[in-house]
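Engineer:
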Amino acid sequence: MGEVERFDLSFHAQDDSDSSKLNTAQWKTILANHPEIEFVWLQFMLFEGTTRMRMIPAAYFTSMMQKNRNISLSSAYLHALRNDDIAPGAASTGEMYLAPDISTASMNSNESSRVRILANMVNQDHTPRPECIRSKLSNLSDILSHLHGFYLLIGYEIEVVFFRREDNEGAEPFVNHKCSAMTFEMRSLLPMIENIVRGFHEEQVPLEQYHSELAPGQWEFVLAPQQPLTAVDTLVRAREIISRLAEEYGYRATLHPRPFPDNCGTGAHVHLSVNSVGSSSPPPRHNSQTPFSRELSIIFHPSWHFVSP
1 MGEVERFDLS FHAQDDSDSS KLNTAQWKTI LANHPEIEFV WLQFMLFEGT
51 TRMRMIPAAY FTSMMQKNRN ISLSSAYLHA LRNDDIAPGA ASTGEMYLAP
101 DISTASMNSN ESSRVRILAN MVNQDHTPRP ECIRSKLSNL SDILSHLHGF
151 YLLIGYEIEV VFFRREDNEG AEPFVNHKCS AMTFEMRSLL PMIENIVRGF
201 HEEQVPLEQY HSELAPGQWE FVLAPQQPLT AVDTLVRARE IISRLAEEYG
251 YRATLHPRPF PDNCGTGAHV HLSVNSVGSS SPPPRHNSQT PFSRELSIIF
301 HPSWHFVSP
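Using full-length UniProt numbering, you'd call the opening residue of the sequence shown number 1 and step up by one each time.
In structure tokens:
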């Protein structure tokens, strides 16, 4: 009981709002359809490109939702570097809250006891933190649509390089590799590549096509165009799937911009279209997604890695 009381100190009750009611209703639906869920990974993205999280027992998370509470953490995370040091000159004190967005919930069949949910960064009074990437992107989309009469569609092309693991001596590249082709050595990657495609389908990542690229072990995955927030959610989810399944097959995946000095680097890029609201109906807003959609992050620079170099 004492542990629960101490844990309660890190929460703050929310105001009754349509958003919290929708979150609660969606969470109930998820639990009804997936009673095997035991753990919640409440994730948030930092400016330096990593996904951080707080892990919560599903039973306690349900209590949070019923009481409309948010979990708190130090605002020092906003100034954290990749090595977990705090940026020079930044404050190491302060508090912020994580408000879960249940519409971003995602899980896969191999980890059915675990669900990932993205959180927005908010203040104690539930207003968005100015550093919250997710809120900024959502607000920008609203401004473009409601004040200027157009909306954006964004489609990412992911390029990733796979390495074979060689015991403790590091990663070894592929040798017999061709762009948009299939060699005997590349064929050994097919079980993993096709399982990644299955993972995309299972976690609702819309994939249009995939193929080998120029560098040894390099592959490209072309994602369908979506609204900005949903597109970035999808990008991060796709990268997580690629990383996780590569590890399961004994490979290492990297988004390093140029892992080989004598080969081409990444050509990962984004397609962006500007569409008039009056010419056709814009796609649904991100907050109308069904449960188990995607996760979110900032629009990444190609040199940021989701796997350490």
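The beta-carbon is built from N, C-alpha and C at its ideal position, and this holds for glycine as well.
1) What distance in whole Å lies between the Cβ atoms of residue 241 and residue 199, which are believed to be in contact at a cut-off of 8 Å?
2) Kindly provide the ranges of any alpha helix (DSSP H) runs that are 4 or more residues long and lie completely inside the segment 33-101, ordered along the chain.
3) Smallest Cα separation from residue 123: which of 140, 95 and 103?
4) Is residue 120 helix, strand or coil when you go by DSSP?
5) Considering residue 212, what are the terminal residues of the beta strand (DSSP E) in which it resides?
6) Short of 7 Å in beta carbon distance, which residues of its chain neighbour residue 203, apart from the five on each side in sequence? Order them along the chain.
7) Out of 66, 125 and 269, which one is the CA nearest neighbour of residue 257?
8) Provide the residue span of the beta strand (DSSP E) that contains residue 234, from first to last.
9) Spatial neighbours of residue 178 within its chain, please: C-beta separation below 7 Å, excluding the five flanking residues on both sides.
10) By DSSP, does residue 204 sit in helix, in strand, or in coil?
11) Of the choices 255, 149 and 157, whose alpha-carbon is the least far from that of residue 272?
12) DSSP on residue 23, reduced to helix/strand/coil?
13) Cα separation between residue 18 and residue 149?
14) Report the rounded CA-to-CA distance for residue 81 versus residue 278, giving the unit in angstroms.
15) In three-state terms, what does DSSP make of residue 256?
16) Does the segment 48-56 come within contact of the segment 69-86, defined as at least 3 CB pairs closer than 8 Å?
17) Work out the CA separation of residue 165 and residue 274 for me, nearest whole Å.
18) For residue 233, verify whether its CB is less than 7 Å away from any heavy atom of the ligand GTP.
19) Who are the near neighbours of residue 113 in its chain, counting only those whose CB is closer than 8 Å to its CB and skipping five residues on each side?
Structural biologist: Here's the rundown:
1) Against the sequence shown, residue 199 aligns to sequence position 199. Against the sequence shown, residue 241 aligns to sequence position 241. Confirmed, Cβ separation roughly 4 Å.
2) 58-66
3) As a first step, residue 123 must be located in the sequence shown, where it is residue number 123. Closest by alpha carbon: 95.
4) Position 120 of the sequence shown, counting from 1, holds the residue named residue 120. In this structure, residue 120 counts as strand in the three-state DSSP scheme.
5) For the purposes of this step, residue 212 is taken as the residue at position 212 of the sequence shown. Segment 207-212, the beta strand (DSSP E) holding residue 212.
6) Residue 203 sits at position 203 when you count from the first residue of the sequence shown. The answer, listed in chain order, is 106, 108, 237 and 241.
7) Reading the sequence shown from its first residue, position 257 is the one you call residue 257. The residue with the shortest Cα to Cα distance from residue 257 is 269.
8) Here the question's residue 234 lines up with position 234 in the sequence shown. From DSSP, residue 234 is part of no beta strand (DSSP E) but of the alpha helix (DSSP H) over 228-248.
9) Mapped onto the sequence shown, residue 178 falls at position 178. Answer for residue 178: 212, listed in chain order.
10) Against the sequence shown, residue 204 aligns to sequence position 204. Note: residue 204 maps to coil in three-state DSSP.
11) Locating residue 272 in the sequence shown gives position 272, counting from the first residue. The shortest C-alpha separation from residue 272 is found at 157.
12) Counting from one through the sequence shown, the residue named residue 23 turns up at place 23. In the structure shown, residue 23 sits in a helix (DSSP, three-state: H, G or I).
13) As a working note, residue 18 is residue 18 in the sequence shown. As a working note, residue 149 is residue 149 in the sequence shown. For residue 18 and residue 149, the distance between alpha carbons rounds to 26 Å.
14) Residue 81 sits at position 81 when you count from the first residue of the sequence shown. Residue 278 sits at position 278 when you count from the first residue of the sequence shown. Computed Cα separation, rounded: 43 Å.
15) Looking up residue 256 in the sequence shown gives position 256. If DSSP states are grouped into helix, strand and coil, residue 256 belongs with coil.
16) yes
17) As a working note, residue 274 is residue 274 in the sequence shown. As a working note, residue 165 is residue 165 in the sequence shown. Their Cα atoms are separated by approximately 43 Å.
18) The ligand content of the structure shown is nil, which means the ligand GTP is not present either.
19) To locate residue 113, count along the sequence shown from 1; it is residue 113. Counting only Cβ-Cβ distances below 8 Å, and skipping sequence neighbours, we find 36, 37, 38 and 39.
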